[in-house]
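One structure is given below, encoded as structure tokens.
2 protein chains.
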Amino acid sequence: MNTELIFSNISKHISLTPAEKEHFAGLLEAQELAKNAFVLRQGERCQQLYFVNSGILRAYYLNEQGKDATVMFAMEDWWITDMYCFLNGLPAMVNIQVVEPASMLALSKEKLDSLYEDIPKFNKFFRILMQNAYCREQLRVMQRLSLQAKDRYEEFIEKYPRLAHQVTLKQIASYLGVTPEFLSYIRKK
Amino acid sequence: MNTELIFSNISKHISLTPAEKEHFAGLLEAQELAKNAFVLRQGERCQQLYFVNSGILRAYYLNEQGKDATVMFAMEDWWITDMYCFLNGLPAMVNIQVVEPASMLALSKEKLDSLYEDIPKFNKFFRILMQNAYCREQLRVMQRLSLQAKDRYEEFIEKYPRLAHQVTLKQIASYLGVTPEFLSYIRKK
DNA sequence: CTTATTTCTTAAGATACCTTATCTCTTTTC
DNA sequence: GAAAAGAGATAAGGTATCTTAAGAAATAAG
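Protein chains in written order, with the numbering used here: chain Z, 61 to 249; chain D, 61 to 249.
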């Protein structure tokens with residue numbers, strides 16, 4: 061199990077002793093997933109939080125009419141899950157699917173809860189993680205409210221240049237909240 | 061200073077000793093604000109996190125064209141600030157204005173940081189607060205991507221029935237991302 | 001290599017939503 | 001209590017974005 065990246069991620073915000081690292085690593089489960097595999101499907105219990113070592117994932121919601129809404133992407137060094145359902149033990153609202161073959165570390169809800177008990181400073185780590193996630197989503201809401209599709213597209217490319225090259229136009233369109241046809245039209249200009 | 065509500069809010073997630081309560085209360089500053097007063101203006105340093113004892117506030121972003129985008133409302137028992145700028149010591153991106161006369165408790169960034177040092181379990185409290193905030197924003201993004209204006213309006217009324225009666229149609233429209241004229245048109249049906 | 005599948009592009013017609021303007025009604029101001 | 005300001009309604013015409021459809025280009029499958 062490759063834990064190098066995850067410990068480097070954690071050490072940005074808290075420092076762990078060798079014993080703590082070992083304990084934490086013992087809670088993780090490694091997963092390798094092929095392209096197009098589903099990490100999670102709408103309606104299933106969402107019991108794991110995932111850290112991405114490599115590859116690309118996409119979380120998306122399909123509504124009754126089959127419209128695809130991309131909630132988030134994740135690539136190496138990102139955490140991903142259906143947070144609301146993970147935290148509340150509810151059936152997932154979103155699908156999480158592999159866009160590019162992915163190597164991940166999974167942490168179950170139970171083990172995360174035990175971790176907070178055993179090593180309380182993980183509360184600080186996940187506080188910061190959640191702060192950042194909150195601010196990101198809030199900024200996204202703001203941009204959605206104040207910018208037109210063309211400008212949202214430009215912001216997206218600027219903010220996630222690597223992603224922009226590795227996911228399809230259709231997926232970007234679904235993230236931005238426009239149709240692929242319209243994004244294609246925007247691109248021409 | 062009325063700290064009843066804030067301690068009831070905190071005790072939903074962590075328990076504090078009398079000494080800890082006293083220490084925490086000592087960090088707060090009470091503020092009474094009249095209708096239309098500004099708690100924060102775009103461009104100003106955002107140095108406080110606010111807890112609302114009573115009243116209603118609105119955070120909104122004005123873009124270059126003067127378009128008004130409501131990022132959030134807050135009423136009693138809610139926390140509000142420009143989180144990204146508060147955490148990073150940056151000039152505020154949003155205005156926070158009083159919609160209904162408000163009584164608030166302010167906690168400065170410095171004092172919050174010292175609080176994390178002195179009473180580490182506040183990391184847990186704010187972790188949970190940030191988790192909830194993140195999930196709320198993510199749900200809002202999802203709804204914005206998958207629902208039409210009419211359905212977003214209905215969701216809003218269902219989720220925040222009290223707010224829906226206490227803020228103007230214009231402000232709700234700005235929260236939903238439509239013009240007041242169009243929301244008025246939606247309402248007729 | 002060849003076929004099948006998916007992705008991207010293009011374009012015409014449709015619709016959700018916006019702009020501007022006017023009017024009424026309520027609330028605030030002095 | 002009159003005047004001013006703000007809030008909401010309504011309607012005509014405009015624009016951003018969607019729908020449908022079909023063809024071209026890239027990718028995957030046999």
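Virtual Cβ for every residue (Gly too), placed ideally from N, Cα, C.
On a CA-only basis, which of the options is nearest residue i? Give me that one, please.
i, options, result
"P151 (chain Z)", "Z:L175, Z:A193, Z:L100 and Z:A119", "Z:L100"
"T63 (chain Z)", "Z:P240, Z:V201, Z:A166 and Z:K210", "Z:A166"
"M195 (chain D)", "Z:Y144, Z:I232 and Z:L236", "For the sequence presented, residue 195 (chain D) should be read as Cys rather than Met. Ranking the options by Cα distance to C195 (chain D), first place goes to Z:Y144."
"H225 (chain Z)", "Z:I70, Z:I116 and Z:C106", "Z:I116"
"Q102 (chain Z)", "Z:K181, Z:S114, Z:G126 and Z:K171", "Z:G126"
"Q157 (chain D)", "D:N148, D:K171 and D:A129", "D:A129"
"N69 (chain D)", "D:E104, D:N123, D:F186 and D:E82", "D:F186"
"C106 (chain D)", "D:S234, D:G149, D:Q91 and D:A193", "D:G149"
Could you tell me whether the Cβ atoms of residue i and residue j are closer together than 8 Å?
i, j, result
"Y120 (chain D)", "V112 (chain D)", "no"
"F133 (chain D)", "R118 (chain D)", "yes"
"L109 (chain D)", "F146 (chain D)", "yes"
"K169 (chain D)", "I74 (chain D)", "no"
"V159 (chain D)", "D142 (chain D)", "no"
"L65 (chain D)", "P161 (chain D)", "no"
"L236 (chain D)", "L243 (chain D)", "yes"
"R200 (chain D)", "V238 (chain Z)", "no"
Out of curiosity, what's the CA-to-CA distance linking residue i and residue j?
i, j, result
"V227 (chain Z)", "L205 (chain Z)", "24 Å"
"K95 (chain D)", "S163 (chain D)", "11 Å"
"Y220 (chain D)", "F216 (chain Z)", "31 Å"
"Q198 (chain D)", "Q191 (chain D)", "11 Å"
"R212 (chain D)", "I246 (chain D)", "11 Å"
"P78 (chain Z)", "I179 (chain D)", "25 Å"
"L76 (chain D)", "K181 (chain Z)", "18 Å"
"L223 (chain D)", "F84 (chain Z)", "43 Å"
"K210 (chain D)", "K210 (chain Z)", "24 Å"
"F67 (chain D)", "S114 (chain D)", "15 Å"
"K248 (chain D)", "E214 (chain D)", "13 Å"
"Q203 (chain D)", "E104 (chain Z)", "20 Å"
"N123 (chain Z)", "I232 (chain D)", "24 Å"
"K171 (chain Z)", "E241 (chain D)", "51 Å"
"A193 (chain D)", "K72 (chain D)", "15 Å"
"G86 (chain D)", "M61 (chain D)", "10 Å"
"S234 (chain Z)", "Q91 (chain Z)", "27 Å"
"E218 (chain Z)", "E218 (chain D)", "37 Å"
Spatial neighbours of residue i within its chain, please: C-beta separation below 7 Å, excluding the five flanking residues on both sides.
i, result
"L189 (chain Z)", "W139"
"K81 (chain D)", "F67"
Could you check whether the Cβ of residue i sits closer than 7 Å to any heavy atom belonging to the ligand SAH?
i, result
"Y121 (chain D)", "Looking for the ligand SAH in the displayed structure turns up nothing, as the structure carries no ligands at all."
Under 6 Å Cβ to Cβ from residue i, same chain only, skipping five residues before and after it: list those, please.
i, result
"E13 (chain D)", "A question about residue 13 (chain D) goes unanswered here, because the residues of chain D that appear run from 61 up to 249."
Counting pairs of beta carbons, one from the region 175-184 of chain Z and one from the region 137-152 of chain Z, are three or more of them closer than 8 Å? Counting C-beta pairs with one atom in each stretch, the region 175-184 of chain Z and the region 137-152 of chain Z have fewer than three that are closer than 8 Å, which means they do not touch.
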